[in-house]
Amino acid sequence: MKKGSGSAVSRLLSPSSLSHGAQQLESLRLFLSRAQRRRAALSADAFPPFLAACRSFPSLASQTHALALKYAADLHPATATALLDLYGRRGLLRDALRVFDEMPLRDPIAWNALLSCFLRQGLAADALSTFRRMTEDGVAFTGATLSAALKACASLRAVRLGKQIHARAIREGDDSLITSTSLIDFYSACGLIQNAFDVFAGVDCDKDAAIHNSLISACVKNRRFEEAFSILGSATPNAVALTCAFSVCSRSSNPHYGKQAHCAAIRHGFDSDTTLCNAIVDMYAKCGELSSARLAFERIHRKNVVSWTSIIEAYGSHGHGVEAWNLFKKMEEEESSNGLSPNAVTFLSVLSACGHSGLVDEGRESFFAMRNKYGIDPGPEHCSSFIDLLGRAGRIEEAWHLYGELSRRSSKKLTSAVCVAMLNACRANMDLARGEQVAEHLLELGDSNPASYILLSNFYAAAGKWERAESLRRAMRNRQLKKEVGNSQFV
DNA sequence: TTAGGGTTAG
1 MKKGSGSAVS RLLSPSSLSH GAQQLESLRL FLSRAQRRRA ALSADAFPPF LAACRSFPSL
61 ASQTHALALK YAADLHPATA TALLDLYGRR GLLRDALRVF DEMPLRDPIA WNALLSCFLR
121 QGLAADALST FRRMTEDGVA FTGATLSAAL KACASLRAVR LGKQIHARAI REGDDSLITS
181 TSLIDFYSAC GLIQNAFDVF AGVDCDKDAA IHNSLISACV KNRRFEEAFS ILGSATPNAV
241 ALTCAFSVCS RSSNPHYGKQ AHCAAIRHGF DSDTTLCNAI VDMYAKCGEL SSARLAFERI
301 HRKNVVSWTS IIEAYGSHGH GVEAWNLFKK MEEEESSNGL SPNAVTFLSV LSACGHSGLV
361 DEGRESFFAM RNKYGIDPGP EHCSSFIDLL GRAGRIEEAW HLYGELSRRS SKKLTSAVCV
421 AMLNACRANM DLARGEQVAE HLLELGDSNP ASYILLSNFY AAAGKWERAE SLRRAMRNRQ
481 LKKEVGNSQF V
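Below is the structure:
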């Protein structure tokens with residue numbers, strides 16, 4: 001492959017060629033087979049665009065992987081960074097780290113790519129320790145570095161460090177839109193909405209959509225719905241802003257503005273945007289308009305896992321477990337050929353739908369399919385949902401068996417939510433002996449949720465252990481734990 | 001030549 005072949009690969013990615021997916025894939029295959037024969041093809045100008053193109057064609061990944069690992073140590077920084085980024089996007093953290101570790105020269109962009117890699121995996125603490133390493137090693141920061149570090153701080157609610165980064169940005173005169181947008185996100189995630197407004201006020205952002213949207217999102221997250229509407233009204237409509245609008249309506253259960261926003265989305269031609277359409281489905285569902293939600297779902301051209309999960313959740317939460325289950329089966333049938341499969345959130349919605357409609361066999365089938373069919377390890381939230389389902393259906397033995405496995409195998413999964421589900425199951429089935437064991441576990445976990453105390457206290461009262469019940473109530477008063485208004489699911 | 005700000009499901 002000659003020098004300059006990178007631009008040829010870049011042309012493959014031009015918008016005009018995107019409609020010719022098959023042709024593009026064929027060209028990429030050709031590039032790859034040549035590269036396998038001649039190492040020269042891994043030159044810096046050719047390989048990065050090829051790797052970027054691979055994001056759209058996972059079928060090329062395994063060959064690329066073998067090829068890249070073979071030459072990883074000799075890669076040009078740009079090529080290595082593109083490779084690291086590709087691994088990161090595919091969730092292959094180990095491979096990404098290997099590429100990074102073997103890089104003889106790391107520029108700030110390579111470090112930034114590593115930060116993004118951790119953040120994509122939800123490893124905010126690793127991102128922050130990498131950020132500290134950059135500081136110690138004297139690596140130059142870019143806007144993307146600060147932005148990534150702020151994202152990590154937001155996710156860990158690391159207020160102090162985030163504020164230090166803000167101070168550093170001010171010291172260095174960094175008032176870029178990227179840094180400011182990340183600052184708004186960081187402050188909003190930490191509940192410091194006024195700081196978010198202050199950052200926004202200090203930026204000249206007349207024409208920038210992202211920073212407006214960031215502030216709208218900040219208002220939504222902090223339940224400042226009126227202000228969110230007001231900023232929405234003053235900004236130019238774009239797909240992300242409208243998606244935020246639907247989110248405001250969902251969270252405030254106010255479909256009035258949502259219908260207008262829906263019309264605006266159609267008028268502006270945003271109705272082919274899957275993310276936006278998913279928000280529409282959710283908005284109608286949360287506002288109780290299930291048939292509109294279904295209609296909006298059916299009209300989505302390219303459904304993704306969120307589209308399916310939203311509609312399954314919609315039916316489940318409205319007590320239509322059978323339809324939720326049918327949709328889940330339909331998803332499996334129709335979408336597996338498109339490489340689309342349910343994820344952990346989908347299974348939570350399915351389990352909850354089954355639990356609320358007494359679909360025990362279906363719930364069990366989905367719980368075991370998670371690991372056996374899809375390779376997803378059920379988390380504590382899935383286990384507690386399944387235990388809850390079994391308890392409601394009177395299957396206390398099966399629930400107890402699963403609970404026992406969780407407490408023996410991995411104590412990490414024995415969360416207070418799991419204990420609460422098991423305790424509810426014991427109470428509903430009048431199994432006081434087992435309930436007492438679970439109650440002990442719950443106390444050992446040191447849970448500070450007042451609802452758990454009330455549940456425990458009621459449990460002891462039901463068992464005729466009045467002294468125990470009273471002492472728990474006392475402990476609750478002493479610790480000044482108060483039951484939240486409206487939080488009566490356990491009592 | 002590689003990274004990088006705002007949006008959707010629990």
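To convert, note that position 391 of the first sequence is 391 in UniProt numbering; the numbers rise steadily by one, no gaps.
Beta carbons are placed, not taken as given, at the ideal position from N, Cα and C, and that holds for glycine.
Boundaries of the alpha helix (DSSP H) in which S407 is found, first to last residue
I396 to R409
Nearest candidate by alpha-carbon position, reference R395, set S411, A235 and M422:
M422
Are the region 350–364 and the region 298–318 touching, with three or more C-beta to C-beta distances below 8 Å?
yes
Closest residue to R434 among V248, G404, A451 and C190 (Cα-Cα distance):
G404
Are T243 and L276 touching if we call contact CB-CB under 8 Å?
yes
What are the start and end residues of each continuous alpha helix (DSSP H) run of 4 or more residues lying completely inside the region 231–293, in chain order?
239–252, 255–267 and 274–286
I376, enclosing alpha helix (DSSP H) - first and last residue:
Neither: I376 is in no alpha helix (DSSP H) and is coded neither H nor E.
Three-state class that DSSP yields for H318 in the structure shown
coil
Among I178, L183, C219 and A189, the one whose alpha carbon lies nearest that of Q164
L183
Round the Cβ separation of V240 and A209 to the nearest angstrom and send it over; I've been treating them as touching at under 8 Å.
7 Å
Output needed for S250: all residues of its chain with C-beta closer than 7 Å, excluding positions within five of it in sequence on either side, in chain order.
D282, M283 and K286
Note down the Cα distance separating C426 from R477, rounded to an integer number of angstroms.
26 Å
Would L105 and T130 qualify as a contact pair, given that the criterion is a beta-carbon distance under 8 Å?
no
Does the distance from the CB of L359 to the CB of W325 come in under 8 Å?
yes
In whole angstroms, what separates the C-alpha of A52 from that of N429?
56 Å
Contact check, I211 vs C219, beta carbons under 8 Å:
no
Residue 514, DSSP secondary structure in three states:
Because residue 514 is not part of the residues shown, which for the chain are 1 to 491, the question remains open.
Would you say F270 and G258 are within 8 Å of each other, going by their C-beta atoms?
no
Is there contact here, the region 129–147 with the region 86–105, by at least three beta-carbon pairs under 8 Å?
no
Within the same chain, show all residues whose beta-carbon is closer than 6 Å to that of I376, passing over the 5 residues directly before and after it, in chain order.
A344 and M370
Please classify W111: is it buried, with 16 or more other beta-carbons within 10 angstroms of its beta-carbon, or exposed?
buried
Answer with buried or exposed for G321, where buried requires no fewer than 16 other C-beta atoms within 10 angstroms of its C-beta.
buried
Please indicate yes or no: does the CB of D361 lie closer than 7 Å to some heavy atom of the ligand MG?
Looking for the ligand MG in the displayed structure turns up nothing, as the structure carries no ligands at all.
Could you check where the alpha helix (DSSP H) with M103 kicks off and where it finishes?
Per DSSP, M103 belongs to no alpha helix (DSSP H) and is neither H nor E.
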